[in-house]
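Trainee: Okay, so the sequence shown: first residue is 4 according to our numbering, each after it adds one.
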Amino acid sequence: MLPEDRKASEQPPDHAQTTQEEEAVTKKPALTNRGLAILAVWFALTPLVAFAQDTNPRTPWGDPDLQGIWDYWTFTPLERPDEFAGRDRLTEEEAALVAQRSNAEALARDEPPPPGDVGGYSQAVWTDRARATALTQPSLLIDPPNGRLPALTAGAEQQLEAHRLAGGYPVRGRVGGLNEDGPEARGAAERCLLGFSTGPPMLPAGYNNNVQLFQSPGYVVLLNEMVHDARVVALDGRPPLPASVRQWMGSSRGSWEGDTLVVETTNFTDGTGSFNTSFVSWGSAKNLRLVERFTRLDNDTMRYEFTVEDPTTWTEPFTGRFPMNRADQPLYEYACHEGNHGMFNLLSGARAVERNLADQP
Numbered sequence: 004m005l006p007e008d009r010k011a012s013e014q015p016p017d018h019a020q021t022t023q024e025e026e027a028v029t030k031k032p033a034l035t036n037r038g039l040a041i042l043a044v045w046f047a048l049t050p051l052v053a054f055a056q057d058t059n060p061r062t063p064w065g066d067p068d069l070q071g072i073w074d075y076w077t078f079t080p081l082e083r084p085d086e087f088a089g090r091d092r093l094t095e096e097e098a099a100l101v102a103q104r105s106n107a108e109a110l111a112r113d114e115p116p117p118p119g120d121v122g123g124y125s126q127a128v129w130t131d132r133a134r135a136t137a138l139t140q141p142s143l144l145i146d147p148p149n150g151r152l153p154a155l156t157a158g159a160e161q162q163l164e165a166h167r168l169a170g171g172y173p174v175r176g177r178v179g180g181l182n183e184d185g186p187e188a189r190g191a192a193e194r195c196l197l198g199f200s201t202g203p204p205m206l207p208a209g210y211n212n213n214v215q216l217f218q219s220p221g222y223v224v225l226l227n228e229m230v231h232d233a234r235v236v237a238l239d240g241r242p243p244l245p246a247s248v249r250q251w252m253g254s255s256r257g258s259w260e261g262d263t264l265v266v267e268t269t270n271f272t273d274g275t276g277s278f279n280t281s282f283v284s285w286g287s288a289k290n291l292r293l294v295e296r297f298t299r300l301d302n303d304t305m306r307y308e309f310t311v312e313d314p315t316t317w318t319e320p321f322t323g324r325f326p327m328n329r330a331d332q333p334l335y336e337y338a339c340h341e342g343n344h345g346m347f348n349l350l351s352g353a354r355a356v357e358r359n360l361a362d363q364p
């Protein structure tokens, strides 16, 4: 320490200066009632702001962030069962009973099958049934209010009859088929063209009920696990494809309504139905207009809603709704393609049966 510094440090404190500082401190204005009220409001709103940021995340370019892998499996049926007619809500106990009953029916397929029937196997392992639940809404359909599919139009009934008389071609169903004459006689899922749970619209089925959403400025991509189909949805207001261009999954265009992604799809091929479940197909999708809505509810839940509008097939539009839950596991490739062994084995087996029959006296 320098001598000057030591000398300065040894000098007694200036009591006058200290007194002035103390007076300055004591004269600082106290917090007013208004200030206390403002602080109270700020502390009260802080958790709400954090909650809003958590439930309404945004992409770096400002769109609602819907990205992730979403699982839409549930035991809730498409149409409202007769036992719940007139009701739009179940108790938690009733929903649990629906799930328990459906799970038991599925696992019963693991029992030894009748002779000549290959039966099922490991339902609890390779399907989603072991972890399934049921919603408190009694059906996936919420409109019409009765939770049932509307009636077909008279024109659709005539088309179905003409389709039957034509031998059932094109095969618009997803699973199964007409016969084993060739690949065209089999359903779209067996031909690896469309999954039986992916639609559009998406519907829960036995397994692989997952969709992954990607986003970039001006686009949203919907990648269904089965059959590895991706719909690239433009958000820039461009028109759909020309009416002469038809696709298996249609032509999709999107927009934002607040935090809800709205996807409108048209231009479906005549080779698929106006509406399809795994085993049933209704009408032709040629004039189908499908509107889907994706709304993030919280970090782990997204609401999915679809409306089918097809006046050539249905007497009125109908709407379904159910939640999608964030999946914590990655998607693996669903390797269904034109070289799939299943189709080859089915057709070659049918040819072998025909040869055996021809060789019989």
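Built from N, CA and C at the ideal position, the CB exists for glycine as well. Keep in mind the model is a prediction, meaning the values are calculated, not measured.
1) Give every residue of the same chain whose Cβ lies closer than 8 Å to the Cβ of Ala27, excluding the five residues on either side of it in the sequence, and list them in chain order.
2) Check Pro63 in the structure and name its three-state DSSP category.
3) Taking Pro203 and Met252 to be in contact with their CB atoms under 8 Å, please state how far apart those CB atoms are, rounded to whole angstroms.
4) Please state if the CB of Ala192 and the CB of Trp175 are separated by a distance shorter than 7 Å.
5) From Thr156 to Phe87, what does the alpha carbon distance come to, in whole angstroms?
6) In this structure, how does DSSP classify Gln162 when only helix, strand and coil are distinguished?
7) Could you tell me which of Gly65, Gln70, Asp184 sits nearest to Asp301, measuring between CA atoms?
8) Got a sec, what are the start and stop residues for the alpha helix (DSSP H) Cys353 sits in?
9) Can you name, in chain order, every residue of its own chain whose Cβ lies under 8 Å from the Cβ of Gly170, other than the five neighbours on each side?
10) What residue range does the beta strand (DSSP E) around Val223 cover?
11) Work out the CA separation of Leu360 and Phe278 for me, nearest whole Å.
12) Opposite Asn328 in the DSSP bridges: which residues?
13) In angstroms, rounded to a whole number, what distance separates the CA positions of Ala98 and Ser142?
14) Starting from Leu110 and walking both ways along the beta strand (DSSP E), at which residues does that stretch end?
15) In angstroms with no decimal places, state the Cα-to-Cα distance between Pro118 and Asn343.
16) Could you tell me the distance, in whole angstroms, from the CA atom of Arg151 to the CA atom of Pro364?
17) May I ask you to report which of helix, strand or coil DSSP gives Asp113?
18) Beta carbon of Pro153, beta carbon of Trp317: below 7 Å?
19) Kindly indicate which three-state DSSP category Val121 falls into: helix, strand or coil?
Mentor: Let's see:
1) At Ala27, the pLDDT of 39 sits below 50, so the modelled position is not reliable; the number obtained from the coordinates is stated separately. If we look at Ala27 and ignore the five residues flanking it on each side, it has no Cβ neighbours.
2) Collapsing the DSSP output to three states places Pro63 in coil.
3) The pair is a contact, with the Cβ atoms about 6 Å apart (cut-off 8 Å).
4) As written in the sequence, residue 175 is Arg, which differs from the Trp given in the question. No, the pair does not count as a contact, with Cβ atoms beyond the cut-off.
5) 26 Å
6) helix
7) Gln70
8) Before going further, note that residue 353 is Ala rather than Cys in the sequence given. Per DSSP, Ala353 belongs to the alpha helix (DSSP H) from 344-362.
9) Leu181
10) Taken as a continuous stretch (DSSP letters only), the beta strand (DSSP E) holding Val223 covers 222-227.
11) Going by the C-alpha atoms only, they are around 39 Å apart.
12) Asp74, Thr304
13) 11 Å
14) DSSP places Leu110 outside any beta strand (DSSP E); the residue lies instead in the alpha helix (DSSP H), whose first and last residues are 95-110.
15) Near 28 Å, if we compare the C-alpha coordinates of Asn343 and Pro118.
16) Taken atom to atom, the span from the alpha-carbon of Arg151 to that of Pro364 is near 53 Å.
17) helix
18) yes
19) coil
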